[in-house]
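J.:
Protein chains: 2
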Amino acid sequence: MAGIEVPNIVIGRLPIYLRALSHLMEKGQEYTSSQELGQILGIGSAQIRKDLSHFGEFGKQGTGYEISYLRDQISKILHVDRDWTVVLVGFGDLGQAIANYGGFGSKGFHIKAIFEIDPPKIGNRTNGIVIQDVEMLSEVISDKQIRMAIVAVPAAAAQVVADKLVEAGVRAILNYAPITLTVPDYVKVQYIDPVVHLQTMAYYLL
Amino acid sequence: MAGIEVPNIVIGRLPIYLRALSHLMEKGQEYTSSQELGQILGIGSAQIRKDLSHFGEFGKQGTGYEISYLRDQISKILHVDRDWTVVLVGFGDLGQAIANYGGFGSKGFHIKAIFEIDPPKIGNRTNGIVIQDVEMLSEVISDKQIRMAIVAVPAAAAQVVADKLVEAGVRAILNYAPITLTVPDYVKVQYIDPVVHLQTMAYYLL
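Heads up: the protein sequence lines correspond to chains U and V, in order.
Residue numbering for the first sequence is 400 to 605, as defined by the working numbering.
Residue numbering for the second sequence is 400 to 605, as defined by the working numbering.
1) May I ask you to verify whether the segment 465-484 of chain U touches the segment 497-516 of chain U, counting CB pairs closer than 8 Å and requiring at least 3?
2) Taking the alpha-carbon positions, what's the Glu456/U to Ser467/U distance?
3) Look up Asp517/V in the DSSP assignment and say whether it is helix, strand or coil.
4) Measure the beta-carbon distance from Gly522/V to Ile516/V and round it to whole angstroms, keeping in mind my assumption that it falls under 8 Å.
5) Excluding sequence positions up to five away, which residues of its chain have a Cβ less than 8 Å from the Cβ of Lys587/U?
6) Identify the continuous beta strand (DSSP E) that holds Asn574/V and give its terminal residues.
7) Give the secondary structure of Glu429/V by DSSP, where H, G and I count as helix, E and B as strand, and everything else as coil.
8) Between the alpha carbons of Gln544/U and Leu487/U, how many angstroms are there, rounded?
9) Drop a sphere of 10 angstroms on the beta-carbon of Leu604/V, count the other beta-carbons inside from all chains shown, and report buried for 16 or more, exposed for fewer.
10) Within 8 Å of any Cβ in chain V, is that where the Cβ of Gln589/U sits?
11) Smallest Cα separation from Ser433/V: which of Pro553/V, Glu465/V, Val405/V?
12) Please list, in chain order, the chain U residues whose beta carbon lies closer than 7 Å to that of Asn499/V.
13) Decide if Ile403/V is buried, meaning its Cβ has at least 16 other Cβ atoms within 10 Å, or exposed.
14) When you compare only the Cα positions, how much space is there between His453/V and Leu420/V?
15) Which whole-angstrom value is the C-beta distance of Leu580/U and Ala561/U, which I expect to be below 8 Å?
16) Taking only the alpha-carbon atoms, compute the straight-line gap between Ala548/V and Asn526/U and give it to the nearest angstrom.
17) Determine whether the Cβ of Val595/V lies closer than 8 Å to any Cβ atom of chain U.
18) If we count Cβ pairs, one from each stretch, closer than 8 Å, do we get three or more for the segment 407-415 of chain U versus the segment 593-602 of chain V?
19) Would a check of beta-carbon distances place Gln598/U closer than 8 Å to chain V?
20) Let's test the definition: count the other Cβ atoms within 10 Å of the Cβ of Arg470/V and tell me whether it reaches 16, buried, or not, exposed.
21) Look at the alpha carbon of Gly489/U and the alpha carbon of Asp492/V, and state the distance between them as a whole number of angstroms.
22) Would a C-beta distance cut-off of 8 Å place Ala576/V and Pro553/V closer than the cut-off?
23) For the segment 539-559 of chain V, which residues have a beta carbon sitting closer than 8 Å to at least one beta carbon of chain U?
24) Answer yes or no: do Ser537/U and Ala567/U have a C-beta to C-beta separation smaller than 8 Å?
25) If we count the other Cβ atoms within 10 Å of its Cβ and call it buried at 16 or more, is Gln495/U buried or exposed?
26) Shorter than 8 Å from the beta carbon of Arg470/U to some beta carbon of chain V?
27) Do Val533/V and Phe514/V have their C-beta atoms within less than 8 Å of each other?
28) Leaving out five residues before and five after Ser444/U in sequence, what residues of the same chain have Cβ atoms less than 6 Å from its Cβ?
29) Per DSSP, what kind of secondary structure is His509/U in: helix, strand or coil?
30) Express the C-alpha separation of Leu417/V and Lys563/V in angstroms, rounding to a whole number.
31) For Arg570/U, would you say it is in contact with chain V, using Cβ-to-Cβ distances shorter than 8 Å as the test?
32) If we count the other Cβ atoms within 10 Å of its Cβ and call it buried at 16 or more, is Tyr500/U buried or exposed?
33) Closest Cβ-Cβ distance between Pro414/V and chain U: below 8 Å?
34) Applying a beta-carbon distance threshold of less than 9 Å, which residues of chain V neighbour Leu417/U?
35) Quick check: is the beta carbon of Gln495/V nearer than 8 Å to any beta carbon in chain U?
36) Step through the CB atoms of chain V and report whether any lies within less than 8 Å of the CB of Leu604/U.
Printed below as a string of structure tokens:
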């Protein structure tokens, strides 16, 4: 499989499979099938088998997939079988909700530094992390060799923040600001824009 | 074009085009091209022309697209040239950030009711909206004929909430809880799960 590039859309589905597998494990189930996964996720079972076939053979005819094995394998493929250090930029309402969300740490994504431009917030602590002046961003990221960042600043500030993050060495940005960021090809950006989702669904409502 | 179903993935890109067009308008620009839009969004210009061709002819050879016209047309196609009423279920950290986010109302999505299960929060007000007991959910949605909901409750409660929403008449759910919801075919669900995005990007980091 080395050297063959897997389509981005397939990579994007692996975390969804992982989530479903974890859910089944929590329920105490040991085996599953592409049919069952497909039903849970609303994806065709053939699509699931094809997606997984990019990475090897994970199921057995008759018994299907051993859930804990498949979960471990997908975790390795995605490089989420280890811990990641993440910085958060922006500590407004949204940034605070992100900092307090338990779902990142439990999946191995640890917010280890938080940056903010608003002086009254700087120096405060949340979950043991000191909110730092955004001026410190480059230094902290370089020192700690951090590669992942979450951007939760207003739209007008997001591109400047992204530029600083990339310059400091960040290679993956989760952007909550409602603008498309311009970054070099070697940097990945994913977007969270709830309005885009509401607008997409509005199409189907009339 | 009536009767021909446009692929979901095309519909999902229209809000992104809308966002880019609004951004260009705010900068005072009057005309754009599929090339320029493609560059801003990291999408091929041929793809953009093909997406738009599902709905008609919007550009002119030589001058390209008139931004305000194209924006209005896409708004109409998506049914976002009108206001939508939305309910929010869950008023924890995330629900509070959602309720306070100005980006929904400015795009015509108005949160008009908020529901919560935690007694101390019920009866409080935020932006003029009273937090109501989740027991009131069905009645309020039926009365006001609300079709859109944002779910910001813990994973364990999300399916029960979704069932109640659908029964009361909701047809579009924006789900922030990290589980896949089971809903009838006539209900649209879109997901916001930041961990999925971080996991997807982790693949590319090593």
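We put the beta carbon where it would ideally sit given N, CA and C, even for glycine.
Computed from a predicted structure; not experimentally measured.
T.: In short:
1) Enough Cβ pairs lie closer than 8 Å, so yes.
2) Cα to Cα, Glu456/U sits roughly 15 Å from Ser467/U.
3) The DSSP-derived three-state label of Asp517/V is coil.
4) Distance from Gly522/V to Ile516/V at the Cβ level is roughly 13 Å; contact not present, criterion being Cβ atoms closer than 8 Å.
5) Listed in chain order, the non-local C-beta contacts of Lys587/U below 8 Å within the same chain comprise Arg570, Ala571, Ile572, local neighbours out to five positions each way being set aside.
6) For Asn574/V, the enclosing beta strand (DSSP E) has its first and last residue at 571-574.
7) Residue state, collapsed to three classes: coil.
8) Going by the C-alpha atoms only, they are around 14 Å apart.
9) Residue environment for Leu604/V: exposed (fewer than 16 other C-beta atoms within 10 angstroms of its C-beta).
10) Among the residues facing chain V, Gln589/U is included, as its CB has a counterpart in that chain under 8 Å away.
11) Of the candidates Pro553/V, Glu465/V, Val405/V, the one whose C-alpha sits nearest the C-alpha of Ser433/V is Glu465/V.
12) Within chain U, the residues near Asn499/V are Asp492.
13) With a 10 Å radius around the Cβ and a threshold of 16 neighbouring Cβ atoms, Ile403/V comes out exposed.
14) Going from the Cα of His453/V to the Cα of Leu420/V covers about 18 Å.
15) Indeed, because the Cβ distance is near 5 Å, the residues count as touching under 8 Å.
16) Straight-line Cα distance between these residues: approximately 31 Å.
17) Closer than 8 Å to some Cβ of chain U, the Cβ of Val595/V qualifies, so yes.
18) The answer is yes - the segment 593-602 of chain V touches the segment 407-415 of chain U, with three or more Cβ pairs under 8 Å.
19) Between Gln598/U and chain V, the shortest Cβ-Cβ separation is below 8 Å.
20) Counting Cβ neighbours within 10 Å, Arg470/V comes out buried, since at least 16 surround it.
21) Their Cα atoms are separated by approximately 15 Å.
22) Cβ atoms of Ala576/V and Pro553/V: closer than 8 Å.
23) Residues Arg546, Met547, Ile549.
24) Contact flag set, yes.
25) Classification of Gln495/U: buried, given that the 10 Å Cβ count is 16 or more.
26) For Arg470/U, the answer is no, since every Cβ of chain V falls outside 8 Å of its Cβ.
27) In this structure, Phe514/V lies closer than 8 Å to Val533/V by Cβ.
28) Only Ser433, Gln434, Gly437 meet the Cβ criterion.
29) Under the three-state reduction of DSSP, His509/U is assigned to strand.
30) Approximately 32 Å between the Cα atoms of the pair.
31) So yes, Arg570/U belongs to the interface.
32) Tyr500/U counts as buried, since at least 16 other C-beta atoms from the protein chains shown sit within 10 angstroms of its C-beta.
33) Interface residue, yes.
34) Simply Val595, Gln598.
35) Output row for Gln495/V: interface = yes.
36) Taking Cβ atoms only, chain V reaches closer than 8 Å to Leu604/U, which makes this a yes.
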